[in-house]
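Colleague: The listed protein sequences derive, respectively, from chains A and B. For the first sequence, our numbering assigns the number 5 to the initial residue and increments by one for each residue that follows. For the second sequence, our numbering assigns the number 5 to the initial residue and increments by one for each residue that follows.
There are 2 protein chains.
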Amino acid sequence: MHTIEQMKHHVSVRNYQKKAIPVEIKQELLLAAQSGSTSNFVQAYSIIEIGDQAKKRQLAEITKFSGHLNQAPLVYVFVADLYRHAAQLEKHHRDLAPLTNTESFVVSIVDATIAAQNMCVAAESLGLGICYIGGIRNDLFKVKELLNLPKLTVPLFALSIGYPNEKNDPKPRLPLNNLVSMDSYKIDEITNLANYDEQTSQYYQNRNSHQANITWTEKDLDFFSEVRRPEFARFLKEQGFDL
Amino acid sequence: MHTIEQMKHHVSVRNYQKKAIPVEIKQELLLAAQSGSTSNFVQAYSIIEIGDQAKKRQLAEITKFSGHLNQAPLVYVFVADLYRHAAQLEKHHRDLAPLTNTESFVVSIVDATIAAQNMCVAAESLGLGICYIGGIRNDLFKVKELLNLPKLTVPLFALSIGYPNEKNDPKPRLPLNNLVSMDSYKIDEITNLANYDEQTSQYYQNRNSHQANITWTEKDLDFFSEVRRPEFARFLKEQGFDL
């Protein structure tokens, strides 16, 4: 149960020691990432390491977590990537339409995320901390320019990795009866969040820092009170997708 | 390095022993799944266990892997799920637009996949085998009906889990220089697959079963020779998304 116990203690880490990650460890993290499942073995993703300090700073500005991204010893950007396939298809004078539709887009997101999550679990098994940074989607066009991304690629998230300075307590997840159902989607069970709101209210009131009198539902209503990243659809169109 | 070594030996398993998985193990797999990262703590996914044999058979027909899905002792369907949030927003008379756009759709796919991959690594740490089954997307409308899925949900993939009867050798992944680049996307390096094609040709010629004289690029050209699952976009529209 060692691996599962480790997973249950997962928290995002945004405060890292100033300690570089050895090349051999980076290599292992990359091999772990790519050993996960991939839809029909298409491996529809790429990984870009951000080593250049100026680029780290520019990315940090986009994500609005500047302190965090700037100080992370290791930053990878995960790219949903169908360009590799496009290059092969074009070399053989084939039609690109099979790459540009919703199905292929979803495959590339799933492939990239499987790889990233493998990297996270691998990193945590070595005592490292990680944080997903979806904030790079705040300005997809700028990230594209910064990383020289070709068509049919989408910068999905960054992953920061380093030795933790401090770790929070894990947040209480949805009770299993609000998450899992048997044989069909049970609307009443999934959406009756009264117990969870009670539980999260206790958590937010009593945690070590950033205490607040709020429930999960209240946080959620606030989060979804405005349309986020509305230029995503236009970005995908400019990248050659036709969803 | 134990966890990483386990990951490097990952292969999909489609042939399981007729041995049930104890309730306590299922519980641990679910807790592992939901302990992964989730975008802004929104937890935008659900999990449906398929216990009913008739439903398993119907799903198997859709996926065209009937033998495999029918015989798996444990089958979960992972659902990208923004309905839980819609129910909360509606209860409080809020606008649903923030849930229906591309950004929220992507968040729900990433959240569901992080959870699924945690479950896979957890299962393999206990000696179980797993297989992702994207084939449930062959008929999204039928799966929706079968599982009684509400609006703003998408059945993403199934996961079959069981004790392996046999395991293949891991397939050789992309060489790291075709996958990873530093500071920007290196088009020439990413797309020069000559070495990989040589390597995969050797692999397919020499593996234990289903030997073939083929390269990764040839397989890939074949796979992307036609548009797959073209009704995905229409399904998303009918589910209430506005990408």
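All C-beta atoms, glycine included, are put in the ideal place defined by N, C-alpha and C.
#1: Taking the beta carbon of L144/A as the centre, do at least 16 other beta carbons fall within 10 Å, making it buried, or is it exposed?
#2: Under a Cβ-count criterion, where at least 16 other Cβ atoms within 10 Å of its own Cβ denotes burial, should A216/B be classed as buried or exposed?
#3: Rounded to a whole number of angstroms, what is the C-alpha to C-alpha distance between P168/B and L86/B?
#4: Going by CA-CA distance only, name the one from L197/B, G244/B, E170/B that's closest to S213/B.
#5: For I118/B and I118/A, what's the separation of their Cα atoms in angstroms?
#6: Note down the Cα distance separating V27/A from I140/A, rounded to an integer number of angstroms.
#7: Scan the region 35–54 of chain B for residues whose Cβ lies nearer than 7 angstroms to a Cβ of chain A and list them as they occur along the chain.
#8: Just to confirm, is the Cβ distance from M11/A to E94/A under 9 angstroms?
#9: Taking the straight line between their C-alpha atoms, what separation do you get for R233/B and N142/B?
#10: Starting from V79/A, trace the beta strand (DSSP E) in both directions and tell me its first and last residue.
#11: Note down, in chain order, every chain A residue with its Cβ under 8 angstroms from the Cβ of Q92/B.
#12: In whole angstroms, what separates the C-alpha of A76/A from that of V15/A?
#13: From S50/A to N196/B, what does the alpha carbon distance come to, in whole angstroms?
#14: Output needed in chain order: residues of the region 120–132 of chain B with a Cβ under 9 angstroms from some Cβ in chain A.
#15: Residues of chain A with CB closer than 7 angstroms to the CB of L180/B, please, in chain order.
#16: Can you look up S112/B in the DSSP assignment and give me helix, strand or coil?
#17: Within the 9 angstroms Cβ cut-off, does Y189/B reach chain C?
#18: Which residues in chain A have a C-beta closer than 9 angstroms to the C-beta of K68/B? List them in chain order.
#19: Going by the beta-carbon positions, is the gap between D187/A and L151/B smaller than 9 angstroms?
Modeller: The structure says:
#1: buried
#2: exposed
#3: 34 angstroms
#4: E170/B
#5: 7 angstroms
#6: 25 angstroms
#7: L35, A36, Q38, S39, G40, S41, S43, N44, F45, V46, Q47, S50, I51, I52, E53, I54
#8: no
#9: 6 angstroms
#10: 78–85
#11: T195, L197, T221, D224, L225
#12: 16 angstroms
#13: 14 angstroms
#14: A120, Q121, N122, C124, V125, A126, E128, S129, L130
#15: L34
#16: helix
#17: In the structure shown, chain C cannot be found, because the protein chains are A and B.
#18: None at all; the shortest Cβ gap to chain A is about 13 angstroms.
#19: yes
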